[in-house]
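Q: Protein chains in written order, with my numbering: chain A, 666 to 784; chain B, 666 to 784. Beta carbons are placed, not taken as given, at the ideal position from N, Cα and C, and that holds for glycine.
2 protein chains.
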Amino acid sequence: METEPHQKTRPPAVAQHPGTLLREQVLPGLHLSISQAARDLGVARQTLHRILAGEAAITPAMAARLEQLCGVSSVFWLRCQNRHDLQRARKELDAVLRHIPLHPLSETIVKKIGAYDGR
Amino acid sequence: METEPHQKTRPPAVAQHPGTLLREQVLPGLHLSISQAARDLGVARQTLHRILAGEAAITPAMAARLEQLCGVSSVFWLRCQNRHDLQRARKELDAVLRHIPLHPLSETIVKKIGAYDGR
DNA sequence: CACCCCTGTAACGCCGAAAGCGACAGGCAG
DNA sequence: CTGCCTGTCGCTTTCGGCGTTACAGGGGTG
């Protein structure tokens with residue numbers, strides 16, 4: 666911890682899929698095998714496996730299940746997934762995005778809709 | 666504003682689709698017609714219309730386009746969408762969720778993965 | 001040894017959602 | 001009348017999540 670001492674170990678600049686967290690941190694912490702966790706979640710073993718492997722995304726439905734399983738907020742899981750999907754989308758649309766003209770939106774409206782500037 | 670005076674007009678308890686924000690706040694603020702906005706975004710007019718009508722969701726790709734168009738963060742748009750999808754998923758899975766056993770996850774791990782408790 | 005459970009992979013098929021396209025009807029300004 | 005915007009319908013394609021079946025291998029236990 667040389668950069669910022671008492672920082673919450675915030676997410677890395679380049680986000681890897683949320684499955685890694687599940688595999689390396691959560692499941693061991695719950696003392697659950699993949700197979701057992703899948704049974705508890707009420708999904709196929711392969712379905713969970715695909716997520717751990719990063720081949721499938723965490724859907725809202727899965728996020729809700731996970732929240733029920735380990736108490737970690739579904740919003741958290743979706744946020745992880747979003748980070749991942751977003752930077753993938755940005756790369757693929759890179760060419761298209763350049764052609765989209767930026768129109769200025771008044772600061773009043775930005776605040777009204779609850780979009781606190783940078784986030 | 667009787668409940669909490671200087672609150673940011675936070676999102677309503679029951680979230681309606683993000684398209685409403687686009688239609689009623691953002692597009693007028695940009696002085697753009699639906700057709701024109703669709704052209705700028707590089708998508709079909711119907712595609713944008715479906716989102717405004719709440720018949721389609723804001724995908725990561727669309728969120729990136731919107732950010733480019735009006736400067737409002739893609740993360741914001743996805744968060745709106747998530748709120749909406751999540752409460753829909755919860756209702757549909759309601760029965761299933763009850764059967765998922767809750768396993769305790771140590772507080773240390775929760776902090777390590779960056780899931781700040783309730784969110 | 002056989003038996004059982006776990007894991008990883010692969011190959012299907014189903015289904016729903018996003019997106020594009022064409023077309024039509026109605027509104028409204030020029 | 002002409003043009004532009006809007007809402008809506010129908011159709012097609014594509015993609016991704018999910019379940020199912022199946023096979024191969026590891027590892028522990030009676």
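According to a CB-to-CB cut-off of less than 8 Å, which residues of the stretch 716-730 of chain A neighbour chain B?
A: 724, 725, 726, 728, 729, 730
Q: What number of angstroms, rounded off, separates the C-alpha of residue 686 of chain A from the C-alpha of residue 778 of chain B?
A: 7 Å
Q: Which residues in the same chain have their Cβ closer than 8 Å to the Cβ of residue 750 of chain A, if we skip the five residues on either side of it in sequence?
A: 722
Q: Could you give the first and the last residue of the continuous alpha helix (DSSP H) run that contains residue 694 of chain B?
A: Here the alpha helix (DSSP H) through residue 694 of chain B covers 692-695.
Q: Which residues in the same chain have their Cβ closer than 6 Å to the Cβ of residue 715 of chain A, if we skip the five residues on either side of it in sequence?
A: 721
Q: Is the beta carbon of residue 710 of chain B sitting closer than 8 Å to the one on residue 729 of chain A?
A: no
Q: Determine, using beta carbons only, whether residue 681 of chain A comes closer than 8 Å to chain B.
A: Not one chain B Cβ lies under 8 Å of residue 681 of chain A.
Q: Along chain B, in chain order, which residues have C-beta atoms closer than 7 Å to that of residue 686 of chain A?
A: 778
Q: With 8 Å set as the bound, which would you pick, yes or no: does the beta-carbon of residue 733 of chain B sit closer than that to a beta-carbon of chain A?
A: Using a Cβ-Cβ cut-off of 8 Å, residue 733 of chain B counts as an interface residue toward chain A, since at least one Cβ of chain A sits closer than that to its own.
Q: Using a Cβ-Cβ distance under 8 Å, would residue 754 of chain A count as near chain B?
A: yes
Q: Would a C-beta distance cut-off of 8 Å place residue 712 of chain A and residue 703 of chain A closer than the cut-off?
A: yes
Q: Can you tell me the Cβ-Cβ gap for residue 706 of chain A and residue 699 of chain A, rounded? I've got them flagged as a contact below 8 Å.
A: So it is not a contact: roughly 10 Å between Cβ atoms.
Q: When the Cα of residue 773 of chain B is compared with those of A:769, A:679, A:695, A:770, which residue comes out closest?
A: A:695
Q: Measuring only the C-alpha atoms, how far is residue 763 of chain B from residue 735 of chain B?
A: 42 Å
Q: Considering only C-alpha positions, which residue in the set A:683, A:768, A:775 is nearest to residue 661 of chain A?
A: There is simply no residue 661 of chain A to check, as chain A begins at 666 and stops at 784 in what is shown.
Q: Using beta carbons (cut-off 8 Å, strictly below), is residue 695 of chain B in contact with chain A?
A: So, interface residue.
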